[in-house]
Amino acid sequence: MLRHQQILAPKFALVAEVLDQRLSESKIASWTEPKGGYFISLDVLPGTARRTVALAKDVGIAVTEAGASFPYRKDPDDKNIRIAPSFPSVPDLRNAVDGLATCALLAATETLLNQGLASSAPNVR
């Protein structure tokens with residue numbers, strides 16, 4: 001079990017690092033930093049999880065279905081994305097999380113612009 005933790009811990013830390021670098025200033029997302037388990041829960045701007053996942057899939061990033069952690073996969077707020085960082089290599093994981101963050105920013109910007117809240121659009125880093 002210790003060996004398993006040694007393999008997974010750096011991947012979980014990497015996901016937290018990239019999400020923090022890319023999304024913390026924008027205030028459009030929050031995420032868990034679990035001390036165990038196999039998943040990180042990413043909550044994006046309400047109403048944008050499905051769009052974020054669709055954008056990610058369009059550019060070749062494999063992501064679980066939006067709302068996958070909810071019964072019947074129905075997230076009432078359409079904001080939850082479950083990240084499973086255990087499989088990809090560290091370089092692939094870094095690229096995937098960076099891409100997912102870009103997709104979350106784009107989905108949030110689209111939504112805010114459609115709501116007429118352009119001044120609330122996230123700062124992009």
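Numbering (UniProt numbering), first residue to last: 1 to 125.
We put the beta carbon where it would ideally sit given N, CA and C, even for glycine.
So residue 132 and residue 20 are supposed to be a Cβ contact under 8 Å. How far apart are they, rounded? One cannot answer for residue 132 here, as it falls past the ends of the chain, which runs 1 to 125.
Alpha-carbon spacing of residue 52 relative to residue 106, whole angstroms: 8 Å
Enumerate, from N- to C-terminal direction, the unbroken beta strand (DSSP E) stretches of 3 or more residues contained entirely within the stretch 35-77. 40-44
What separation, rounded to the nearest whole angstrom, lies between the Cα atoms of residue 42 and residue 80? 6 Å
Take the Cβ of residue 91 as the centre, count every other Cβ of all protein chains shown within 10 Å, and call the residue buried at 16 or more, exposed below. exposed
Going by the DSSP bridge assignment, what does residue 3 pair with across the sheet? According to DSSP, which records beta bridges pairwise, residue 3 is partnered with nothing at all.
Residue closest to residue 25, alpha-carbon to alpha-carbon, out of 113, 110, 101 and 114: 101
Cα separation between residue 29 and residue 40? 13 Å
Sequence-distant residues of its chain with Cβ nearer than 7 Å to residue 32 (five each side left out): 40 and 41
DSSP beta-bridge partners for residue 30? 43
Residue(s) in a DSSP beta bridge with residue 80: 43
Neighbour-count burial assignment, residue 22, 16 or more Cβ in a 10 Å radius: buried
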